[in-house]
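In what follows, a single structure is set out as structure tokens and then discussed.
Chains as they are written, first to last, in this note's numbering: chain S, 26 to 176; chain G, 26 to 176; chain E, 1397 to 1482; chain X, 1397 to 1482.
Structure representation (structure tokens):
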């Protein structure tokens, strides 16, 4: 039921809301999270962010995360889109969208989906700095803690 | 700083995201909630929902809610749009959008803003049923409880 | 006597039959609670609207008020049920 | 000997110098933990990549695995650092 995509192209947020809602009137609330590339990382300016992933596994892992959300909350649909490749500051990275009859379920599912995407989907970020150096982003203990709230 | 509007017209979700992000690269995450008119209320089909408000107070109350959010979280912008008038099942009612450098702040602020809008902004909903009867929606204890989590 | 503007919303407006009224309030009516007791005597519609105060909310000059809030000349006083937007 | 396909991502790939390799694994290499110990001996790059296992993650046939997971012929075994998407 979930709409899951991994792509280099940007996504159209309005179009994704519309696609999830088209032809239905049983939705009461939609929660959404959009992650974007910040121009700084730990106080250092970055010039780009490159997203690598494990193609054979990525969509399966995202599908398992969506199924876990559907088992916890009454969802009428959800959308997970993650971009890969080289992204510039200000660009979109990830879209999470969850529709439910109920506001709290939509919001909770949205938080769950982004927390689990950050810790259970095989993506890796590398930051590029203006001086030409590059650095892989380290996994964040706070992300792990956020994800484990739902365990 | 908040973008606050009360209007009869629908809103364009994609355009609101774009307006909040235009020209900036310091945002790390955007949280969003969209409330829509469900076609049923307590198991009964509804044909329309009419939103009344207290014009002289509404935008001031919404502004106070936005300020409360800005005091609690590091927000780079937020948008609150609430529709009034007669709405049909499937139509949008309310949009909440919160941008922050940090994912958790964006998501928490989004939940806070919709919880407080539901309990502290002067809007009233009336449901119309296919048989021509109408009924004012009763305030929900669960909404009050959700809002008081943030008190 | 103090002149105040009263506004009614949602089912309070429907029960009272008007959306607003300008009234001169006797000096003994000091708080919002006093005002509610006094308004009950104005008409059957007012009595129906203010029959119970458990699901009644009030704003004075566009900010939420309590039964203890004092009334001043020129106040805009709104009565309405608990809000149900969002 | 069992034939498996190994995949490396992010800084593991960079340290090892290849994104994937097809290897025949000796019979004594039974678990993922055994495989890591054996891979350390293949090159300086492998040793650098597998020097510590605290920030090492593994998937067998596209699902997360543990050091105790058993290896079977034909497995696709991926090694990578903790994920940082989202």
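Virtual Cβ for every residue (Gly too), placed ideally from N, Cα, C. All values derive from a computational prediction rather than experimental measurement.
- Per the coordinates, the alpha-carbon of residue 147 of chain G lies some 25 Å from the alpha-carbon of residue 1438 of chain E.
- Residue 119 of chain G sits away from residue 78 of chain G, with the two beta carbons spaced by 8 Å or more.
- When C-alpha distances from residue 98 of chain G are compared across G:133, G:121, G:114 and G:56, the shortest belongs to G:133.
- When beta bridges are read from the DSSP output, residue 1424 of chain X appears opposite no residue.
- For residue 144 of chain S, the enclosing alpha helix (DSSP H) begins and ends at 128-145.
- Runs of the beta strand (DSSP E) spanning 3 or more residues and lying entirely within the segment 1408-1471 of chain E occur at 1416-1421 and 1453-1456, in chain order.
- In the three-state reduction of the DSSP assignment, residue 99 of chain S falls in the coil class.
- In the displayed model, residue 85 of chain S falls within a helix according to three-state DSSP.
- Beta-bridge annotation (DSSP): residue 1404 of chain E is paired with E:1475.
- Taking a C-beta cut-off of 8 Å against chain E, the contacting residues of the segment 64-95 of chain G are 76, 77, 78, 79, 81, 82, 85 and 86, listed in chain order.
- Per the DSSP secondary-structure output, residue 108 of chain G pairs in a beta bridge with G:32.
- Residues of chain G whose Cβ lies closer than 9 Å to the Cβ of residue 97 of chain S do not exist; the shortest such Cβ separation is about 16 Å.
- Of the candidates E:1440, E:1458 and E:1462, the residue whose Cα lies closest to the Cα of residue 1449 of chain E is E:1462.
- Annotation: the continuous alpha helix (DSSP H) that includes residue 39 of chain S extends over 38-46.
- Close partners of residue 1479 of chain X in chain S (Cβ separation under 8 Å): 143, 144, 145, 146, 147, 148, 149 and 164.
- Judged by DSSP secondary structure, residue 152 of chain S falls within the beta strand (DSSP E) whose first and last residues are 148-153.
- Counting only residues of its own chain and dropping the five nearest sequence neighbours on each side, residue 174 of chain S has a CB closer than 8 Å to the CB of 140.
- Taking all protein chains in view, the Cβ of residue 35 of chain S is surrounded by fewer than 16 other Cβ atoms within 10 Å, so the residue is classified as exposed.
- What residue 36 of chain G touches in chain S, judged by beta-carbon distance under 8 Å, is nothing: the nearest beta carbon there is about 10 Å away.
- Under the criterion of beta carbons closer than 8 Å, residue 1480 of chain X and residue 150 of chain S qualify as touching, at roughly 5 Å.
- In chain order, 63 make up the part of chain G whose C-beta sits under 8 Å from the C-beta of residue 126 of chain S.
- Closest by C-alpha distance to residue 70 of chain G, out of S:62, S:131, S:55 and S:51, is S:51.
- Relative to the Cα of residue 85 of chain G, the nearest Cα in the group G:111, G:164, G:158 and G:27 belongs to G:27.
- Around the beta carbon of residue 1447 of chain E, fewer than 16 other beta carbons lie within 10 angstroms, which makes this residue exposed.
- A contact between stretches requires three or more CB pairs, one per stretch, nearer than 8 Å, and the segment 93-107 of chain G fails this requirement with the segment 162-172 of chain G.
- For the set G:64, G:42, G:83 and G:65, the Cα lying nearest the Cα of residue 142 of chain G is the one of G:83.
- Per DSSP, the continuous alpha helix (DSSP H) segment holding residue 173 of chain S begins and ends at 166-173.
- Judged by pairs of C-beta atoms under 8 Å, the segment 1398-1418 of chain E does not touch the segment 1421-1435 of chain X, as fewer than three such pairs exist.
- The C-beta distance from residue 153 of chain G to residue 72 of chain G rounds to 5 Å, short enough to meet the 8 Å contact threshold.
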